[in-house]
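Following: one structure in structure tokens, then a few remarks.
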Amino acid sequence: MSPTNPTNVADVEIAAEAETGADHVVNKRLGFGFWVSVGWIVFIIGIAALAPVLPLKDPDANFLVLEERENPITGRMQEAPVQPPYAPSGEHWFGADQDARDVMSRTIYGARVSLTVGFAAIAFGIVFGGPLGMIAGFVGGWFDRAISYLFLVLLSFPGLVLAILITALVDRSLFTISLTLGILSIAPVGRLARAQTLVFAEREFVMAARTLGAKPFRILTKELLPNVMIPMAALALLGMAVAIVAEGGLAFLGLSIEKGSTWGKLIRTYTASSGDLESSPWMAFTPIGCLFFTVVALNYAGDKLRDYFDVRELML
Amino acid sequence: MTDTPLLQVSDYRVGFRTPRGLARAVDGVSFTLHAGKTLGIVGESGSGKSVLNRGIMGLAKSAHQIESGSVLFNGAELVNQDRQALWGDEISMIFQDPMTSLNPVMKVGKQVTEPLRLHLNLSKSDATERVVELFTAVGIPSPRERLKQYPHELSGGMRQRVMIAIALAAEPELLIADEPTTALDVTVQKFILDLLMRLQADRGMAMTLITHDLGVAGGRTDEILVMYGGRVMEHAETDDLFSNMRHPYTEALLASIPRLDHAKHARLNPIPGSPPDIIEPPAGCRFAPRCRYAQDRCTTELPELDHDGNHGYSCFYPVGSDANAEALATNQQRGHTATGLQIRAKETV
Amino acid sequence: MVLLLVGVSMLTFAAMSLLGDPLFNILGPIAGDTENPQNIALQDEAKAQYHLDKPLPERYVRWAGDFITGDFGVQFSTDGQPPVLNLVKERLPRTLQLMVIAQILALAIAIPWGVFAASRANKASDKVSTFVAFGLVSLPNFALAVILFYIFAIKLDWLPDTYEATDPFWGFTHGHRLIQLILPAFTLALPIAAVFQRLLRTDLITTLQEDFILMARSKGVSKRRVLFGHALRPSMFSVLTLFGINAATLIGGSLVVEIYFRIPGIGTAIVEAVLREDFPVVLALVMVITLAFVLLNFLVDLLYTVLDPRVRS
Chain A
274 MSPTNPTNVA
284 DVEIAAEAET
294 GADHVVNKRL
304 GFGFWVSVGW
314 IVFIIGIAAL
324 APVLPLKDPD
334 ANFLVLEERE
344 NPITGRMQEA
354 PVQPPYAPSG
364 EHWFGADQDA
374 RDVMSRTIYG
384 ARVSLTVGFA
394 AIAFGIVFGG
404 PLGMIAGFVG
414 GWFDRAISYL
424 FLVLLSFPGL
434 VLAILITALV
444 DRSLFTISLT
454 LGILSIAPVG
464 RLARAQTLVF
474 AEREFVMAAR
484 TLGAKPFRIL
494 TKELLPNVMI
504 PMAALALLGM
514 AVAIVAEGGL
524 AFLGLSIEKG
534 STWGKLIRTY
544 TASSGDLESS
554 PWMAFTPIGC
564 LFFTVVALNY
574 AGDKLRDYFD
584 VRELML
Chain B
1108 MTDTPLLQVS
1118 DYRVGFRTPR
1128 GLARAVDGVS
1138 FTLHAGKTLG
1148 IVGESGSGKS
1158 VLNRGIMGLA
1168 KSAHQIESGS
1178 VLFNGAELVN
1188 QDRQALWGDE
1198 ISMIFQDPMT
1208 SLNPVMKVGK
1218 QVTEPLRLHL
1228 NLSKSDATER
1238 VVELFTAVGI
1248 PSPRERLKQY
1258 PHELSGGMRQ
1268 RVMIAIALAA
1278 EPELLIADEP
1288 TTALDVTVQK
1298 FILDLLMRLQ
1308 ADRGMAMTLI
1318 THDLGVAGGR
1328 TDEILVMYGG
1338 RVMEHAETDD
1348 LFSNMRHPYT
1358 EALLASIPRL
1368 DHAKHARLNP
1378 IPGSPPDIIE
1388 PPAGCRFAPR
1398 CRYAQDRCTT
1408 ELPELDHDGN
1418 HGYSCFYPVG
1428 SDANAEALAT
1438 NQQRGHTATG
1448 LQIRAKETV
Chain C
23 MVLLLVGVSM
33 LTFAAMSLLG
43 DPLFNILGPI
53 AGDTENPQNI
63 ALQDEAKAQY
73 HLDKPLPERY
83 VRWAGDFITG
93 DFGVQFSTDG
103 QPPVLNLVKE
113 RLPRTLQLMV
123 IAQILALAIA
133 IPWGVFAASR
143 ANKASDKVST
153 FVAFGLVSLP
163 NFALAVILFY
173 IFAIKLDWLP
183 DTYEATDPFW
193 GFTHGHRLIQ
203 LILPAFTLAL
213 PIAAVFQRLL
223 RTDLITTLQE
233 DFILMARSKG
243 VSKRRVLFGH
253 ALRPSMFSVL
263 TLFGINAATL
273 IGGSLVVEIY
283 FRIPGIGTAI
293 VEAVLREDFP
303 VVLALVMVIT
313 LAFVLLNFLV
323 DLLYTVLDPR
333 VRS
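Residue numbers (our numbering), protein chains in the order written: chain A, 274 to 589; chain B, 1108 to 1456; chain C, 23 to 335.
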């Protein structure tokens, strides 16, 4: 509704309806929640990256607490370790686990792996899926059909099963896991890139460039790429969340990275016995909380970014 | 029959709160409708005629809608009351577009039996029998087979008949027909309108017929209310309105309709300009910016509804009066109206 | 869709043939011996017996033929070579029970929730529901499993904390699998319900602006009846589409849930087989899952015609 046009009743009714149905109103602000989410992401990446230089406890050290106890055999009082896990205290903010290791510091070190996998996976997806999708959308024809079909197969296949397959057949290193999840993220990224390319390839500025005799490569990189990049940023956030969750799932199944700890692995070890979960829930809920907030933040920021740029074709 | 009119509307207003301010969609409308009578409500799209009727019915009220004034139905006040109890069995409505007004995934039989079972507490088989009668009454051939069909399997005309059957099912006292034929083929329009008239007469039901086409209202209504910009421009008995037209808008509306008795390539006379902004309406007469008689007074002063016997009109320079002829002469002389609308010097009415 | 089956099977078959050496499964350590002529002869014999000396495409065709006729191959285990089909027969019902209960739960939660949210669009209660749905979608299923387990099985102790494959199914005590499946099914159902609910809400809001809703209201049908009787069905199409697409998520989710709640179903079987490097089993199970996925999507297409009479003609 432009302010110069007279408003007639029909318009007003539509406007009134639009206000009641929120989905029709495009909120053109990123909002407070977006910045909170970005803040959390920056925070968690920051402490994960700086973990070695921060004054954190050694994640692998055992902090056994000793107490004076009567030795049942000798009957004398002597120093003996208290049975871990320990509840949260001033010493261990989020408690200590079954091996008396600091839960907070283990969670932060776990973030290093989880975040790396998430980032690497979606970066791989963008580097390979992006150009593939763009070229398919730009070139069209049989190449487009073949690529689209490949994406469809990849998308409809239960990703976790494929990931299990690959990790089982190859090995369980950080590289393999990232690569597997990266391959899995090619299809959604590629589909988005293709859809965006199709949309923009019809636009006037691309037509203009074509008629001016610009080479296809130039059109792809100079005209189309910037327009595909924006929704890709939103997808990258959502995709990173999915990859982090997927790695968590693999780890939870006992099929993730063998060396080092990840959030999924921590959750797995801390929930392995329901007795531990009952007596010391803080162990499991620290990495669960971190994982949850990170995924929420990534999803929320991605959603907002998508609404902000008004991108429709975004499904993972 | 008592003297209480079925519907008495006085100074009724409906507004929508919008980000720009209050949109006065219906701005002080009054009329009376007796049982068994038909009122035509005529105006362009955006004149507020649909909002008026939906307002009276109290349907689809959004949180942004406010109403004031008085609407008495059988003597009971409706304004700002929940009217759901009246829907279906006392007031019902026929919608403009039979393509979108029937539930696409529900058999038409079920859609018609629903009000019957709801209001008349009929059993399923009794209700079905009634629907067959209704379908026969509205002229749907082989009604029993139709019952099991879905709306998309019926033609537009058939669907509108189904809609009429639904509206009539619970025998309402007042039927609001909101542009019942606009979305139909011209050939079907007349059948539907005549059908409506006949059913209305048979059942002694009151009806408001909303249309943008004066020709549709003429001959099928007892009274006509001409609306523009949410206000009543002219209100008279149908015969009187056509024989003794007073408002320039009514005149312009009639001139804009193609007529059979005109020469084949006769020019249509569309009304210049577009409906007024109802959020910031022009001071003075709503129609002034598009009226070829407009004088300075029309731009500053809001004309109230004047009554000449039973004939009401809101104009300072009513058609057929000396003042009107003078106003036209003035405007023709200066080549434009008081609102700046260009007028060709030689123009016949 | 058949093409999808072929594509997936080729991919899986090729991956496993190239990356793993089935000889190890057949012969054990002997397969690694390249010097002892006796062992090499054994290897050649096994290769011939299992057609491993043939080129990959031929092996694929042979395997596909067997698969279609119901011969899923054999599993490698310490007690002989029981057919994979037996394993599938034993495990599949448990997984199906879990999934069916989960889907029913998901719909049972999502429909009233979506209708509620749509009828109160943009009011405070709708905002809260959006918030909750967002949280559920963002919560990984293994984390949800832990949380639900902690609350309902440990803290409140309302629900059993173990699954016993030998317990009877029907019944309403902790000793019945129906009750034992509640927590796992909820874990699967809640995030799906949240997604369905979002979609249903959006579609319902659109449907509620249709003329036929006004029409129904004008007939005197109550708001509640209009919501459930008139608006719900034409708003279900997106949910239905997602129902098919979501099958992959559901399968992935049930893997995790089966492992966490120790339900010996297909998911557990596949993880066990992977850890055992028992490739015929993995291959067969992947195919069963893909087949289920294809069937589900076919079912969804059928459901469309039930829900939307316009598709029929």
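Beta carbons are placed, not taken as given, at the ideal position from N, Cα and C, and that holds for glycine.
Keep in mind that this is a model prediction, so the values were computed, not measured.
Name the one or two DSSP bridge partners that residue i has.
| i | result |
| --- | --- |
| residue 1107/B | The structure shown has nothing for residue 1107/B, since chain B only spans 1108 to 1456. |
| residue 1114/B | 1140/B and 1180/B |
| residue 1147/B | 1316/B and 1331/B |
| residue 1129/B | 1124/B |
| residue 496/A | None; residue 496/A has no bridge partner. |
| residue 343/A | 350/A |
| residue 359/A | 369/A |
| residue 375/A | 369/A |
Is residue i helix, strand or coil by DSSP?
| i | result |
| --- | --- |
| residue 469/A | helix |
| residue 370/A | coil |
| residue 1175/B | strand |
| residue 422/A | helix |
| residue 1078/B | No information on residue 1078/B is available, as it lies outside the stretch 1108 to 1456 that chain B covers here. |
| residue 252/C | helix |
| residue 1391/B | coil |
| residue 323/C | helix |
| residue 1347/B | helix |
| residue 1155/B | coil |
| residue 1135/B | strand |
| residue 66/C | helix |
| residue 1352/B | coil |
| residue 117/C | helix |
| residue 485/A | coil |
Which residues bound the beta strand (DSSP E) around residue i?
| i | result |
| --- | --- |
| residue 354/A | 350–354 |
| residue 1282/B | 1281–1285 |
Would you kindly report the start and end of the unbroken alpha helix (DSSP H) that includes residue i?
| i | result |
| --- | --- |
| residue 1194/B | No alpha helix (DSSP H) holds residue 1194/B; DSSP gives it neither H nor E. |
| residue 579/A | 554–582 |
| residue 1433/B | 1429–1441 |
| residue 1384/B | That residue, residue 1384/B, is in no alpha helix (DSSP H); it is neither H nor E in DSSP. |
| residue 88/C | 78–90 |
| residue 1358/B | 1355–1362 |
| residue 1297/B | 1293–1310 |
| residue 258/C | Careful: residue 258/C lies outside any alpha helix (DSSP H) and carries neither H nor E. |
| residue 1406/B | 1403–1407 |
| residue 455/A | 447–457 |
| residue 1447/B | Segment: none, residue 1447/B is in no alpha helix (DSSP H) and carries neither H nor E. |
To which residues of the same chain is residue i closer than 6 angstroms at the C-beta, ignoring the five residues directly before and after it?
| i | result |
| --- | --- |
| residue 277/C | 289 |
| residue 319/C | 266 |
| residue 1360/B | 1321 |
| residue 1129/B | 1122 |
| residue 279/A | For residue 279/A, the predicted structure reports a pLDDT of 38, less than 50, and the residue's modelled location is therefore unreliable. The matter cannot be settled from this model. |
| residue 397/A | 455 |
| residue 1163/B | 1178 |
Starting from the C-beta of residue i, find all residues in its chain whose C-beta is less than 7 angstroms away, skip the five residues before and the five after it, and write them out in chain order.
| i | result |
| --- | --- |
| residue 1404/B | 1423 |
| residue 550/A | 544 and 557 |
| residue 31/C | 86 and 309 |
| residue 1331/B | 1147, 1149, 1324, 1343, 1345 and 1348 |
Name the chain D residues whose beta carbon is nearer than 9 angstroms to that of residue i?
| i | result |
| --- | --- |
| residue 172/C | Protein chains A, B and C are contained in the structure displayed, whereas chain D is not. |
Considering only residues of the same chain and omitting the five flanking positions on each side of residue i, which have a CB-CB separation below 8 angstroms?
| i | result |
| --- | --- |
| residue 307/A | 573, 574, 577 and 578 |
| residue 1259/B | 1211 |
| request: Enumerate, from N- to C-terminal direction, the unbroken alpha helix (DSSP H) stretches of 4 or more residues contained entirely within the stretch 1197–1259 of chain B. | output: For secondary structure counted as the alpha helix (DSSP H) over 4 or more consecutive residues, the stretch 1197–1259 of chain B holds these complete runs in sequence order: 1215–1226, 1231–1244 and 1250–1254.
| Complete runs of the alpha helix (DSSP H) confined to the stretch 195–231 of chain C [at least 4 residues] | Within the stretch 195–231 of chain C, the complete alpha helix (DSSP H) runs of at least 4 residues are 199–202 and 204–229.
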